Every structure is written in structure tokens, then in C-alpha cells.
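K.L.:
Protein sequences, first through last, are from chains A and B. Note that the numbering used here has the first sequence beginning at 17, numbered continuously upward. Note that the numbering used here has the second sequence beginning at 270, numbered continuously upward.
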Amino acid sequence: MENHYDHLQEMLTRVDGFIYPNEIELHWGILVVVYPYVTGLVAGAFILASLERVFNVKVLKPTYHIALLTALAFLLTATLPLVSHLSQPGRAFQIMVTPNPNSAMAIFGFVYLWYLMVVLLLEIWFDYRRDIVIWSREKKGLLKWVYKIMTIGIFDLSPKSIEWDKKIGYFITVVGIPSAFLLHGYVGFIFGSVKANPWWSSVLMPVIFLFSAMVSGIALVMLVYMIVSFIRRVKIDMKVLDTIAKYLFYILIIDFSLEALDQIHRIYEAEESFEIISLLVSGKLSITLGLIQLFLGTLIPLFALGLFQLYKPANRIRKWVYFIVGFLVLIGIFFMRWNVVIGGQLFSKSFYGFTSFKLQLIGSEGLWMAILWMVVPVLILAFLLWLLPPWKRVPE
Amino acid sequence: MPIQIKRHLIILAILIAAFVVFQQLMIPESFGELGHYRANSLEDNELFDIHYAGQESCYECHEDISDLKEMDLHYDLSCETCHGPGTDHNLSPDSVELFIPDDRNFCGLCHAKNTARNEDAVFQIELKEHNPDKNCTYCHNPHAPWELRNQDPQEENF
Numbered sequence: 017m018e019n020h021y022d023h024l025q026e027m028l029t030r031v032d033g034f035i036y037p038n039e040i041e042l043h044w045g046i047l048v049v050v051y052p053y054v055t056g057l058v059a060g061a062f063i064l065a066s067l068e069r070v071f072n073v074k075v076l077k078p079t080y081h082i083a084l085l086t087a088l089a090f091l092l093t094a095t096l097p098l099v100s101h102l103s104q105p106g107r108a109f110q111i112m113v114t115p116n117p118n119s120a121m122a123i124f125g126f127v128y129l130w131y132l133m134v135v136l137l138l139e140i141w142f143d144y145r146r147d148i149v150i151w152s153r154e155k156k157g158l159l160k161w162v163y164k165i166m167t168i169g170i171f172d173l174s175p176k177s178i179e180w181d182k183k184i185g186y187f188i189t190v191v192g193i194p195s196a197f198l199l200h201g202y203v204g205f206i207f208g209s210v211k212a213n214p215w216w217s218s219v220l221m222p223v224i225f226l227f228s229a230m231v232s233g234i235a236l237v238m239l240v241y242m243i244v245s246f247i248r249r250v251k252i253d254m255k256v257l258d259t260i261a262k263y264l265f266y267i268l269i270i271d272f273s274l275e276a277l278d279q280i281h282r283i284y285e286a287e288e289s290f291e292i293i294s295l296l297v298s299g300k301l302s303i304t305l306g307l308i309q310l311f312l313g314t315l316i317p318l319f320a321l322g323l324f325q326l327y328k329p330a331n332r333i334r335k336w337v338y339f340i341v342g343f344l345v346l347i348g349i350f351f352m353r354w355n356v357v358i359g360g361q362l363f364s365k366s367f368y369g370f371t372s373f374k375l376q377l378i379g380s381e382g383l384w385m386a387i388l389w390m391v392v393p394v395l396i397l398a399f400l401l402w403l404l405p406p407w408k409r410v411p412e
Numbered sequence: 270m271p272i273q274i275k276r277h278l279i280i281l282a283i284l285i286a287a288f289v290v291f292q293q294l295m296i297p298e299s300f301g302e303l304g305h306y307r308a309n310s311l312e313d314n315e316l317f318d319i320h321y322a323g324q325e326s327c328y329e330c331h332e333d334i335s336d337l338k339e340m341d342l343h344y345d346l347s348c349e350t351c352h353g354p355g356t357d358h359n360l361s362p363d364s365v366e367l368f369i370p371d372d373r374n375f376c377g378l379c380h381a382k383n384t385a386r387n388e389d390a391v392f393q394i395e396l397k398e399h400n401p402d403k404n405c406t407y408c409h410n411p412h413a414p415w416e417l418r419n420q421d422p423q424e425e426n427f
């Protein structure tokens, strides 16, 4: 019992003001920050890919397959931060086995599955089918069999059959856009629908999550394109970079406006929770929200990208600035998730006090675990780019 | 219908069939009998050890304390709030002793000055100013805090 009180007293040193007992320790740590971040990258990367396919932005062709494979690599690991957060992997299957239609969180498993199996895997398959068949004939050894299995036994490369691939691929992309919106809007909905938490409960939350997802996904694909070109020692097509940067700029403006609207709305409404939220924003979240998310992650990128719409300096400078901007945007959006997930748990629902979050380094909820779930998708992406290299596709 | 679609429909059908079989095998016994959970989990929960005995069981032996407590402001605090879970003590009162808090910080958990705490509901003091060199129990009887004592608590039975 003494241990219990010692622990309580230690925890209470982290508390300011009054707080309910179950709010002293945060239930959702950094892994729950990583999860919407990774899901957002998926949705954003896919939407960039669909720009080329559905909206016919031909300049973006070199990034189309990179964007799709990036989306797949990150989607494959999107739920793993949650599984390790639960610490009982079996529960991940329980939500599928005994689906609860009344729970937004429980149904997410099916939204995820729809997006993975019906949208992303199928789209990539139809897109690569011709190449997979050709590779399955050309390659030797184990790889030959891998490609053979991937053909699922269809080796028909007649023009009619290829035409069908294109048609179906296009159709799946069209279905994929609302699905990508659903996937990430859903993540925002899970937070936005928690009516007991005034920091989360906002009808704008799904839309904000969606646009910030697009921002982060586009920035990621831009970086992946630059890094892949660097590794392959090929020249970066500046037209592609400029076009991606242009879309990044537009979406960033929308994202910034939506978040500003959300905050202005809170300030003007000034509900009873407003005082604690303004203390939260000016206090515990001042660095992660004010400095990192707003200044480094939004204003500097907006300024740099905006400037380049009017004035274009030399390619070398633009390349570096795009690289830095992409990096800043990715960090900014990560901290946007941080500010939502962690920020929403730092203040008491009595509105009279705060607790603190102390990030552990090791352990199943620690920083290293979070880094692991950020590194694994990058490794998967490297593998996918090796297995299905977009630059080695056989020209028609 | 092109062969691609046919083949994928077959795969989809196989996956759905596999899922349904998997689902039937994985649904836990007694799931859904009482609601969207395993009815057996109630029995599982019953098997957990009981730690808190409840204050009625304390009063069976400590009637004097119950009378004292009823008279003063701590009347609505359960014994185990301060003394910790008491089932073991309840079962073997001679061999298991309960925790007796004797620390200013312990009382401070509720009574230390905290601007966010409702002053009308909980009496609060500045721990650093209010007789800082004495234990709270030197003057206050924790069971009846307003019955101030003017003798050494060691000599008094409480």
C-alpha cells in the first residue's frame, strides 16, 4: 500500500491544479500519435497518386507508382502501433471477429481492410500486371516464382486484356479517392466525436485530419521521389517537383485555413472549456503547437512555397528548399497529431487542472517503439521499390 | 467478363469464406448472451481476489471509531480510503496490520492548498506554514479532525 501512495505522490508532483484520479496518467501515448500520422501519410500519398490518374496531371507520372507503393508500405504497418499499444495482438482480430456496429473504433478494422484489399492492393496489381507477367518470364530462380504467384495465374497480355487492366485500374482509383477520404476522415471522426473532450470534439476534426493527411502524404512522396532519384543517380525532374510543391502549397493553405477556422471558432465561442484550452495552448503546448506545428511546420513552408509561385530561383536552391520544406511539413504534421492526441489528455475534464506527459525512451510505449514503427514502413517501401521498380517497367 | 475480374472474384470469395470459418472458430464461448461481450467474463471477474472489505466490516469490530467518525467531518470517508484495502486484515486481524498514515504529505493529498480545489468542500492549509514541524496527528485526531487534542498522541489510543 505504501508503494501505491509513493507512486501516487510522485505522479501528483506532475499535476497542476485539480485533476480527476483517472486523468493523472495518460492512457494514450506516443504510439497513438504515430498511428494517425502513418494513416495520414497513406491517404495523402494515395490522393497524390490519384491526381495523376483521375485528374490527369500528366507531369506527376514519375511519382505515380512511388506514391502508390509508399501508400501501401505505410498502410501495411498503420495498425501496428495500435497493436503494440494494446500489448495483446489477439485483440486486433477480435474487433473483426465480433464486429460492433455501434463503435466507430471497432468498425475501423473493416474500413482499413477495404482500403488495403479492395483499393490499394488491387490498384497496384492492375497497374503492374503486365510487368509482373513479363518479369515472371524474364527473371530466374526464386524471384521468377514470386512474380508467378503474383500473377495469380493470369498470363494473358493481349491488347484487349491490357485495355481491361487500364479500365479496371481507373475505376478502382475513382473508388479509391472517396475511400482515402473515408480512411482518414474516419481517424479524425474518432477524435472529433469524443464529446467529453472539448479539445477534440469538433465537427471540423475529420476535415482537418484529412487535409493534414494530404499535406503530409504529398510532402512524403516528394521526399521519397527526391531520395530515390538521388540513390539511383538520376536527374530530378524539376517540373515534377514544382508541380508537387504547387499542390502541397494549395493543400497547405486549405489545411491552415481550416485549423485557423477551428481555433477562431473556439476563441469566439469561448465556451466554458475555453479558459483551460487557452492555458493549454499557451502553456503545455506552446512549443509543439506554436513553434513546431504552426511556425516551422506551416508558416515557413507556406512562405517558401508561396514565394516560389511568384519567383523561381535556380534549380539547386529550389531542390534544397523543397527538401527542407518537405521535412518541416512532415515534422509539423507529426506534431499536429501529437498536439491532438497528447494535448487532449493533458487537461482535466473538470477544467481545473493539468497533468504532464513524460515520454518513456524504452518499453512498449516508448520512443524507440515509435521510431521502430516509423522505420519499418520505410524498409517495406525499399523492398517494394526493389520488387516492383517503377523505373524498370517495360515500355508498351 | 475478363479473366482478371473472374479470378479476383474467386479469390475474394475464398477470402470471405475463410474469414467466415475463422470467425466462427474464433468467437468466444458465451459471447453475445448478455450483450456485446463474453458473458463468461462476469464469472472470470468474480474470481479476482477481493481487496477492499468495505467499511461495514470494519465497524463490526471498531465500533468506537465508527462512533467517533460519525460525529465529525470525516464521517463520509471510508476507512479504506486512508488505511488501504482491508480484506486481509479482516480475515486475520492479529497477523495482518493495516497501513496507518503518519505523514504530513499524506494528509496534504486532500488538504494541501490547491487553488483549483473547492475550499467549501475540502478544508485546505498551506503545508509549509501550518505548524510545519509537527505531524498533523499531533493536534488532530484523524477520525475526528476537529476534536483537537492537547496531549501527545502517543499516550492516547486512537
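Using N, Cα and C, we set each Cβ at its ideal position, and we do this for glycine too. These figures come from a predicted structure and were not determined experimentally.
For G33(A) and F375(B), I'd like the C-alpha separation in whole angstroms.
P.N.:
Looking at the two C-alpha atoms, the distance is approximately 17 Å.
K.L.:
The alpha helix (DSSP H) with S273(A) in it runs from where to where?
P.N.:
Here the alpha helix (DSSP H) through S273(A) covers M254 to E285.
K.L.:
What residues match up with N247(B) in a beta bridge as DSSP calls it?
P.N.:
In the structure as shown, chain B starts at 270 and stops at 427, and residue 247(B) therefore has no counterpart that could be examined.
K.L.:
I need the DSSP call for D32(A), collapsed to helix, strand or coil.
P.N.:
Strand at D32(A).
K.L.:
Hey, quick one: how far does the alpha helix (DSSP H) through G201(A) stretch, first residue to last?
P.N.:
It spans P175 to G208 - the alpha helix (DSSP H) in which G201(A) sits, taken as one unbroken run.
K.L.:
Listing by chain order, which chain B residues have their CB less than 7 Å from the CB of Q25(A)?
P.N.:
N374, listed in chain order.
K.L.:
What does the alpha-carbon distance come out to for the pair E306(B) and P297(B)?
P.N.:
Correcting the residue identity first, residue 306(B) is Tyr in this sequence and not Glu. Their Cα atoms are separated by approximately 9 Å.
K.L.:
Might you give, ordered along the chain, the residues of its own chain that have their beta carbon closer than 6 Å to the beta carbon of N426(B), omitting 5 neighbours on each side?
P.N.:
Reliability of the predicted coordinates at N426(B) is poor, the pLDDT of 46 falling under 50, and the value obtained from them is presented with this limitation in mind. If we look at N426(B) and ignore the five residues flanking it on each side, it has no Cβ neighbours.
K.L.:
Skipping 5 residues on each side, what residues in its chain have a beta carbon closer than 7 Å to that of D253(A)?
P.N.:
Closer than 7 Å at Cβ, skipping near neighbours: P78.
K.L.:
Would I369(B) pass as an interface residue toward chain A - the criterion being a Cβ-Cβ separation below 8 Å?
P.N.:
No, I369(B) does not count as interfacial toward chain A.
K.L.:
Helix, strand or coil for L107(A) per DSSP?
P.N.:
First, the amino acid is wrong: residue 107(A) is Arg here, not Leu. Helix at R107(A).
K.L.:
What residue does the alpha helix (DSSP H) around T55(A) start on, and which one ends it?
P.N.:
It spans I46 to R69 - the alpha helix (DSSP H) in which T55(A) sits, taken as one unbroken run.
K.L.:
Does any residue of chain A have a CB that is nearer than 8 Å to the CB of H380(B)?
P.N.:
Not closer than 8 Å to any Cβ of chain A, the Cβ of H380(B) fails to qualify, so no.
K.L.:
Q279(A): which of S364(A), S298(A), L375(A) and P406(A) sits nearest, CA to CA?
P.N.:
Closest by alpha carbon: S298(A).
K.L.:
If you follow the alpha helix (DSSP H) that Y128(A) is in, where does it begin and where does it stop?
P.N.:
That run of the alpha helix (DSSP H) goes A120 to L129.
K.L.:
Using only CA atoms, which one of E302(B), G355(B), A381(B) and I369(B) lies nearest to D318(B)?
P.N.:
Cα-wise, what sits closest to D318(B) is G355(B).
K.L.:
Cβ of T331(B) within 8 Å of Cβ of P414(B)?
P.N.:
Per the sequence shown, residue 331(B) should be read as His rather than Thr. Result no, Cβ atoms of H331(B) and P414(B) do not sit closer than 8 Å.
K.L.:
By the criterion of Cβ-Cβ separation under 7 Å, what are the contact partners of V113(A) in chain B?
P.N.:
Near V113(A) (Cβ distances below 7 Å), the residues of chain B are Q292, M295 and I296.
K.L.:
Quick one: what does DSSP say A322(B) is sitting in, helix, strand or coil?
P.N.:
Three-state result, A322(B): coil.
K.L.:
Does the beta carbon of F124(A) come closer than 8 Å to any beta carbon on chain B?
P.N.:
No, F124(A) lies away from the interface with chain B (no Cβ there is under 8 Å from its Cβ).
K.L.:
If contact is defined by three or more beta carbon pairs under 8 Å, each pair taking one atom from either stretch, is the region 233-252 of chain A in contact with the region 210-223 of chain A?
P.N.:
Cβ pair count under 8 Å is below three, so no.
K.L.:
Jot down the residue ranges of each uninterrupted alpha helix (DSSP H) in the region 288-332 of chain B, minimum 4 residues, whole runs only, in chain order.
P.N.:
Fully enclosed alpha helix (DSSP H) runs of 4 or longer: 309-315 and 324-328.
K.L.:
Quick one: measure Cβ to Cβ for M221(A) and A59(A), integer angstroms, because I've assumed they're closer than 8 Å.
P.N.:
At roughly 15 Å, the Cβ-Cβ gap does not stay under 8 Å, so M221(A) and A59(A) are not in contact.
K.L.:
Measure the C-alpha to C-alpha separation of F288(B) and S361(B) and round it to an integer number of angstroms.
P.N.:
Their Cα atoms are separated by approximately 53 Å.
K.L.:
Output needed for I178(A): all residues of its chain with C-beta closer than 7 Å, excluding positions within five of it in sequence on either side, in chain order.
P.N.:
Taken in chain order, the residues that qualify are R146.
K.L.:
In the structure shown, what three-state DSSP assignment does N426(B) receive?
P.N.:
Note that N426(B) has pLDDT 46, beneath the 50 cutoff, so the model's placement of it is unreliable and no number is given.
K.L.:
Examine chain B for any beta-carbon lying closer than 8 Å to the beta-carbon of W407(A), and answer yes or no.
P.N.:
Chain B contact via Cβ: absent.
K.L.:
At a Cβ cut of 9 Å, what residues of the region 146-177 of chain A count as close to chain B, listed as they run along the chain?
P.N.:
Of all residues in the region 146-177 of chain A, I168, G169, I170, D172, K176 and S177 have a Cβ within less than 9 Å of some Cβ in chain B.
K.L.:
Note down the Cα distance separating L383(A) from E329(B), rounded to an integer number of angstroms.
P.N.:
Cα to Cα, the separation comes out at about 51 Å.
K.L.:
Which residue wins for smallest C-alpha separation from I82(A), given the options G322(A), A286(A), I260(A) and A386(A)?
P.N.:
The option with the nearest alpha carbon to I82(A) is I260(A).
K.L.:
For Y144(A), which residues in the same chain have their Cβ closer than 6 Å to its Cβ, ignoring the five residues on either side in sequence?
P.N.:
So the list reads L404, once near-sequence residues are dropped.
K.L.:
Counting only beta-carbon separations shorter than 8 Å, does H305(B) have a partner in chain A?
P.N.:
Chain A, which has a Cβ nearer than 8 Å to the Cβ of H305(B), makes this yes.
K.L.:
CA-CA distance, H200(A) and L129(A)?
P.N.:
About 13 Å.
K.L.:
According to a CB-to-CB cut-off of less than 8 Å, which residues of the region 367-384 of chain A neighbour chain B?
P.N.:
Listed by position along the chain: Y368 and G369.
K.L.:
With 9 Å as the C-beta to C-beta threshold (strictly closer), list the residues of the region 33-63 of chain A near chain B in chain order.
P.N.:
From the region 33-63 of chain A, only G33, F34 and I35 have a Cβ closer than 9 Å to chain B.
K.L.:
Contact check, L132(A) vs L91(A) under 8 Å by CB: the rounded distance?
P.N.:
Rounded, the Cβ-Cβ distance is 6 Å, consistent with contact.
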